[in-house]
Every structure is written in structure tokens, then in C-alpha cells.
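**Q** Here it is, the structure, as C-alpha cells.
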Amino acid sequence: MDTGYVLSVEPQELQFPFELRKQISCSLHLLNKSENYVAFKVMTTNPKQYRVRPNAGVVPPRSTCDVIVTMQAQTEAAPDMQCKDKFLLRSVVASPGATAKDVNAEMFNKEAGHHVEDCKLKVVYVAPPRPPSSVREGSEEGSSPIASVSDNGSLSASVQTSVIKPVRKMTRRIDPVKGYIDPEYSRRVSSNSDVYSFGVVLLELITGRKPKYQGIDIVCWAKARIRQALNGQYTDFVDSNLQSYDRSEMEWMISCAAVCVYNPFESRPQMKEIVRALEGYGLPKDKAAEQCGWQAGGALCPGGLCCSQYGWCANTPEYCGSGCQSQCDGGVGGEGGCVDLGSIISRSTFEEMLKHRNNAACPAKGFYTYDAFISAAKAFPAFGTTGDVDTCKREIAAFFGQTSHATTGGWPTAPDGPYAWGYCHKEELNQASSYCSPSPAYPCAPGKKYYGRGPIQLSWNYNYGQCGQALGLDLLNNPDLVATDRVISFKAAIWFWMTPQFPKPSCHDVITGQWSPTGHDISAGRAPGYGVITNIINGGLECVAFYRNELSTVVDYR
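Using this note's numbering, read the sequence shown as starting at 1406 and increasing by one per residue.
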């Protein structure tokens, strides 16, 4: 599992909602998953235009740090609203117990032999003036009755009172002044405001935050947290004053806000459709708010639309590109494409490939079955079915090569060779470590250990927590499910395979050719190919010069 020391940086670009003559701030969320102290330094190509606090510091093990970047007030807009400014965040392992005062320029000197990692970030202006929405003044959403509390899926009383009624009140304020009105600043929603701005208001109501809090824009703040919120992790996202809300209803509320704010302009629903959805009617089936993928139990998008990594349907590059889960050609099937996983790996191939897994000497005897694998894979429609037949076969070969290596029971003189003994184990042999890292988001349960389990040897409490959220299971309190339920065991492995391990891509994107390395990836030694998948799974420990033999061993399993 990922135990590398590189800092995770989120988001990957600095987004500023541009306004003339106003200072605008955004934040970077730094996450250190390692056991090391990591020093960082932030630089920019245009230092006179930005203030960075802190511009250098140390992130302790298993900790986070927020960096606030403030853009000075601009007197004129850049041509075509394109900004050429760039930022560079450098990170390096520091001495144990190091603090910000210990950070110096020599630490980041690559020529001195220090392993320095670079993360390049571009500056993007967002939320420019949009065409007015199609909602007419005095349209029906102002007079549509709010659904009462019932079993028909309408919203509960606390959410109606705290969120829906304020939204209804705002939708009735129709301002006759023409032009774009930002509700982030005007506190109003009118026919001249677009759905993006309406989504900002929803974020305000759900989170209880102001449009700008301590200089940080709410959209920028929420972007780093919206995925966890969509997976049901509401701590530090939902306003604590919203008492006794229904979790499924809150998930729908957050989904509506997300589809307003984070979808491309052409994929956003109309304002009246969002209001009807909040009143309990749901969005039209042809809109991007249609959920899919593992977030919706493996559902496919209607009409052949792409399912994005976040579980939404559309046919734009943002949905069909990197991270796409299924139907990534937008529904335009090509000759030779993969439709059924069973046509890529048959039962007989599975049995021949893992012929010794049920040997009496294997602790996992009888546990891993073909039917369990196929059943688990159905929750991830893009797994083994993305691209042409050769690409599909390549992904399945890579998956079983990696997982066979992780679970092998072979030895150099084993019958049929050491590589025929994959899936012999379902639990890590050395179970002395609890693999528990202090985490408010994924706290360790008393007496539980999070050592490697299942085909991919899922380990660490934060991975069990995230995987459990994705699968709808409490794996923090029940980690043994990964080693006792054969379908869950395969699901956990495929979940890790399909999920980007920030700042690294997903194994799926790499092997299917949907990932292109950034400058930061190249500097970190990550390039397209089988090796980077080993890097993703093993935290980089097998992709440096000292571990060539280990990498060669993994490749042999293909």
C-alpha cells in the first residue's frame, strides 16, 4: 500500500474567481501520509502578485497543512481570462522533529544529493460572466409547493427549514437589472444568475460557511472535500447547526451542489431543475446529475454517457477522460471493444492461472473463487472493459500479476515455478503491526489491526476507511471482512486499483493509457508503464534503483 513520503497537494491548480480591484484568496491542502517530517517551500513566477502564507514549513507525519495564496487586486483582466502565472511546491524529507524555523534553501538543493520532489501548479481564473440561465421571471419554481414529509423521498423537516425554505425565498427575488449577478457577493439568486452561482449558495447553506472565510473562497475550500462528503463523510463539511438530518437526503443535497459547481457549463442542469430536485422530485435523466459507477452500485449511465471518476454522467472530456469509470468512449462503441469481463478472463483461464491457490499448504485454500471475482468486478463497470480487447487483456493481466505477487505462496523450486502460486494467502504474514495512523477522519477502532488483507493486501486505517466508504461498509470496525468475505475481498482490491492514489493516478488509468505524466510525475520517476503501477501499490519502494530485483519479480508474474 501507499507509504511514500511525497506530499499530496490538492487541488492541482490554483483557481481564483476573478474580480477586478479585489484581493482573492485560494488554498492548497497538503497531506503527509508518511511517517516522516516533510519540509516544503512554495515559489511562483510572479512573486509581486501573490502573497503565500506560509510559504515554507514542515508537515509532521500523518498530518495536514493548509497554505493560503492571495492574489493582489487586479486593475485589468488578462487577455481571454488566461493567466500565465505558475507555482512550484517543493518537498523534501526533513529531520525528525523539524519545525518551520529549520527550513532552509540547502534542504532543497538537488545537486547536493537531496531527493526533492516538485509539484507544479498553474493559476486558473474561474467563474467568469456566463450567459443568463433559461429560468424565466415568475417561472413555476417560485410557486411550486414544497413536498411534505412523507415516505415518497421528500426532504425531512430540519433540512426543509434550514435549507429548502431559504432557497425558495431567494428564488422568488427576481431582480430586473440585466447582467451577471454573483450570489457569492449579492446574496441573491435571480434569473440573471447561472447554476454555478446557485450551487455556491447551496454550499453556503449546507456548510454554514461564508462565501469567503478567512480569505478562502468556498468553492476552492469545498473542492478538496466534496468527494469525501459525497461518500457520506460529513464531518467538517455539513453545518453543525443542521440537527437530525437524514444522511441520504443530505447526500442528495450535496450532490445537487456539486453538479452545479463542478460540472462543465454545458453539462449543468437548469435552475428550475435543481429547485425541483431539492423539493424531492429529482433531476431529469438526461442531466449530468445522474449517478453511476461504484458510487451508485456499479450503475451505467443512460444513453451510453461516460461515468466520471466522481460518479456523474456526461459526454465531455472531463467525464470521458482520466478517471472515467465506464462507457469512456461516450457510448460510441468500436469494433473489437470489450463488453463482458467474462470474455476477457474465462473460468478455465482463472483456474489455470491460479492453479495452486487451493493447495493444502495455502492458508487461503477455498477462499478466492472465479464467481466472487466476477461478482465484485460488476461494481466497477470500467474494470477490464475499457478500450480495445488488447487493452482489456493487458489490464486483467496487470491486475492478476500484481495481486498474485502480493499473495504468493511459491518458492524458487515450487511445482510449476514460484509464479503459479498466487492467491495462496489472504492475510499478511507479519501481523505484529497494527498499521494504525492517527487520523480524525479515519480513527482506528479499539483492538483492531489494519495489516494487509485480500488480493492487493489492503493496509492502514485510512485505506480501510476510504474503501469502506466507497463500498458502503464499516471496515474500520470490521477490517476482517476483507479476509472473510470473498466478494468484499475482491471489491477492496479492485477499488484500490480503480481509485487514484493522490498525487498518483489510478492503476486503471495507467494501464489503459488514460494517464499522461505531469512534470511532477516525471521528476518523481513516474512514467507510463507497468512499473508505475508497482509504484502506486507499494508506495514507490520498488521503483527506485535499489529495488530493481523486486520490480523484476513483480513483472515476472504477468
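Beta carbons: idealized from backbone N, C-alpha and C, even for Gly.
No experiment lies behind these values; they were computed from the predicted model shown.
Once you ignore the five residues that flank C1767 on each side, which residues in its own chain have a CB closer than 6 Å to its CB?
**A** Translated into positions along the sequence shown, residue 1767 becomes position 362. Answer for C1767: G1814 and C1829, listed in chain order.
**Q** Name the two residues that bound the continuous alpha helix (DSSP H) containing C1872.
**A** On the sequence shown, position 467 is the one that residue 1872 refers to. C1872 -> alpha helix (DSSP H) spans N1866 to L1876.
**Q** I need the boundaries of the beta strand (DSSP E) containing F1778, first residue and last residue.
**A** The count along the sequence shown starts at 1 and reaches residue 1778 at position 373. F1778 -> not in any beta strand (DSSP E); alpha helix (DSSP H) instead, spanning Y1775 to A1782.
**Q** Out of S1413, D1651 and I1679, point me to the one whose CA is closest to V1605's CA.
**A** Indexing the sequence shown from 1 puts residue 1605 at position 200. That would be I1679, whose Cα lies nearest to the Cα of V1605.
**Q** Could you check what DSSP says for P1459 in three-state terms: helix, strand or coil?
**A** Taking the sequence shown and counting its residues from 1, one reaches residue 1459 at position 54. Coil at P1459, not helix or strand.
**Q** Would you mind working out which of K1527, S1809, Q1428 and K1506 sits nearest T1923, comparing C-alpha positions?
**A** Position 518 of the sequence shown, counted from the start, is the residue given in the question as residue 1923. The candidate whose alpha carbon is nearest that of T1923 is K1527.
**Q** What's the C-alpha gap between G1792 and T1754?
**A** Counting from one through the sequence shown, the residue named residue 1792 turns up at place 387. Counting from one through the sequence shown, the residue named residue 1754 turns up at place 349. Cα to Cα, G1792 sits roughly 21 Å from T1754.
**Q** Rounded to the nearest angstrom, what separates L1436 and R1495 at their Cα positions?
**A** Position 31 of the sequence shown holds residue 1436. Position 90 of the sequence shown holds residue 1495. Approximately 14 Å between the Cα atoms of the pair.
**Q** Where does P1422 sit, in a helix, a strand or coil, going by DSSP?
**A** Taking the first residue of the sequence shown as 1, we reach residue 1422 at position 17. Note: P1422 maps to strand in three-state DSSP.
**Q** Can you tell me which of the three DSSP states G1936 falls into?
**A** As a first step, residue 1936 must be located in the sequence shown, where it is residue number 531. The answer is helix: DSSP assigns G1936 an H, G or I state.
**Q** Leaving out the 5 sequence neighbours to the left and right, which residues in its chain are closer than 7 Å to G1462 when beta-carbon positions are compared?
**A** The residue labelled residue 1462 in the question sits at position 57 within the sequence shown. So the list reads F1445, C1470, A1505 and V1508, once near-sequence residues are dropped.
**Q** Over what stretch of residues does the beta strand (DSSP E) that includes I1473 continue unbroken?
**A** Counting from 1 along the sequence shown, the entry for residue 1473 is found at position 68. Its beta strand (DSSP E) spans residues S1468 to M1476.
**Q** Please report how far the alpha carbon of Q1454 lies from the alpha carbon of L1412, in whole angstroms.
**A** Stepping through the sequence shown from its first residue, residue 1454 is reached at position 49. Stepping through the sequence shown from its first residue, residue 1412 is reached at position 7. Taking the straight line joining both Cα atoms gives about 25 Å.
**Q** Spatial neighbours of R1799 within its chain, please: CB distance less than 7 Å, with the 5 preceding and 5 following residues excluded, ordered by chain position.
**A** On the sequence shown, position 394 is the one that residue 1799 refers to. Here the set comprises I1916.
**Q** Which stretch, first to last residue, makes up the beta strand (DSSP E) that contains M1512?
**A** Looking up residue 1512 in the sequence shown gives position 107. Segment: none, M1512 is in no beta strand (DSSP E) and carries neither H nor E.
**Q** Whose C-alpha, out of A1787, V1794 and L1746, is nearest the C-alpha of P1902?
**A** Here residue 1902 corresponds to residue number 497 of the sequence shown, with the count starting at 1. Per the sequence shown, residue 1902 should be read as Trp rather than Pro. Among A1787, V1794 and L1746, the Cα nearest to that of W1902 belongs to A1787.
**Q** So, at 8 Å on beta carbons, what are the nonlocal neighbours of N1882 in its own chain, with the 5 sequence-adjacent residues on each side left out?
**A** Position 477 of the sequence shown, counting from 1, holds the residue named residue 1882. Counting only Cβ-Cβ distances below 8 Å, and skipping sequence neighbours, we find A1850 and K1853.
**Q** For R1858, which of helix, strand or coil comes out of DSSP?
**A** Reading the sequence shown from its first residue, position 453 is the one you call residue 1858. Strand, per DSSP.
**Q** Let's see if you can read the secondary structure: which residues bound the alpha helix (DSSP H) around K1896?
**A** Walking along the sequence shown from the start, residue 1896 turns up at place 491. Residues R1891 to M1903.
**Q** Assign S1548 to buried or exposed, taking buried as 16 or more other Cβ atoms, counted over all protein chains shown, within 10 Å of its Cβ.
**A** Here residue 1548 refers to the residue found at position 143 when the sequence shown is read from its first residue. Only weak support is given to the placement of S1548: the predicted model assigns it a pLDDT of 32, under 50, and the value that follows is read from those uncertain coordinates. The residue in question, S1548, is exposed, as its Cβ has fewer than 16 Cβ neighbours within 10 Å.
**Q** With DSSP collapsed to three states, give me the class of E1832.
**A** Position 427 of the sequence shown holds residue 1832. DSSP places E1832 in strand when its eight states are reduced to three.
**Q** Take W1865 as the anchor and find which of V1414, S1439 and F1421 has the nearest alpha-carbon.
**A** One-based indexing of the sequence shown puts residue 1865 at position 460. The candidate whose alpha carbon is nearest that of W1865 is S1439.
**Q** How big is the Cα-Cα spacing for K1427 and E1418?
**A** Position 22 of the sequence shown, counting from 1, holds the residue named residue 1427. Position 13 of the sequence shown, counting from 1, holds the residue named residue 1418. Roughly 20 Å between the two C-alpha positions.
**Q** Name the DSSP beta bridge partners of A1662, please?
**A** Counting from one through the sequence shown, the residue named residue 1662 turns up at place 257. Answer is none; A1662 lacks a bridge partner.
**Q** Grab the span of the alpha helix (DSSP H) containing R1752 for me, first residue to last.
**A** Residue 1752 sits at position 347 when you count from the first residue of the sequence shown. Start and end: R1752 to M1758.
**Q** Less than 7 Å separating the beta-carbons of V1600 and M1676?
**A** In the sequence shown, residue 1600 corresponds to position 195, counting from 1. In the sequence shown, residue 1676 corresponds to position 271, counting from 1. Against a cut-off of 7 Å, the Cβ pair of M1676 and V1600 comes out as a contact.
**Q** In whole angstroms, give me the CA-to-CA distance for Q1836 and G1870.
**A** The sequence position of residue 1836 within the sequence shown is 431, counting from 1. The sequence position of residue 1870 within the sequence shown is 465, counting from 1. Taking the straight line from one Cα to the other gives about 19 Å.
**Q** By DSSP, does A1819 sit in helix, in strand, or in coil?
**A** For the purposes of this step, residue 1819 is taken as the residue at position 414 of the sequence shown. Here A1819 sits in coil by DSSP.
**Q** Output the distance between the C-alpha atoms of S1780 and K1615, rounded to the nearest integer angstrom.
**A** Sequence index remark: in the sequence shown, residue 1780 carries index 375 (1-based). Sequence index remark: in the sequence shown, residue 1615 carries index 210 (1-based). Going from the Cα of S1780 to the Cα of K1615 covers about 45 Å.
**Q** Label E1516 either buried or exposed according to how many other C-beta atoms from any shown protein chain fall within 10 Å of its C-beta, with 16 as the threshold for buried.
**A** For the purposes of this step, residue 1516 is taken as residue 111 along the sequence shown, with counting starting at 1. Per the 10 Å Cβ criterion, exposed.
**Q** Looking only at its own chain, which residues have a Cβ that is under 6 Å from the Cβ of A1897, when we skip the five neighbours before and after it?
**A** By 1-based counting over the sequence shown, the position of residue 1897 is 492. Hits under 6 Å: G1859, L1863, C1872 and V1887.
**Q** Could you tell me which residues DSSP pairs with K1491 in its beta bridges?
**A** Counted from its first residue, the sequence shown places residue 1491 at position 86. Answer is K1527.
**Q** Return the CA-CA distance between W1900 and F1421, expressed in angstroms with no decimal places.
**A** Position 495 of the sequence shown, counted from the start, is the residue given in the question as residue 1900. Position 16 of the sequence shown, counted from the start, is the residue given in the question as residue 1421. Roughly 33 Å between the two C-alpha positions.
**Q** Specify the secondary structure class of N1943 as computed by DSSP and reduced to three states.
**A** By one-based count along the sequence shown, residue 1943 stands at place 538. If DSSP states are grouped into helix, strand and coil, N1943 belongs with the helices.
**Q** First and last residue of the alpha helix (DSSP H) that includes C1431?
**A** Within the sequence shown, residue 1431 is the residue found at index 26, counting from 1. Segment I1429 to N1437 is the beta strand (DSSP E) holding C1431; no alpha helix (DSSP H) there.
**Q** If distances are taken between C-alpha atoms only, which option among S1430, S1468, Q1477 and R1458 comes closest to N1451?
**A** Within the sequence shown, numbered from 1, the residue matching residue 1451 stands at position 46. If we check each option's Cα against that of N1451, Q1477 comes out closest.
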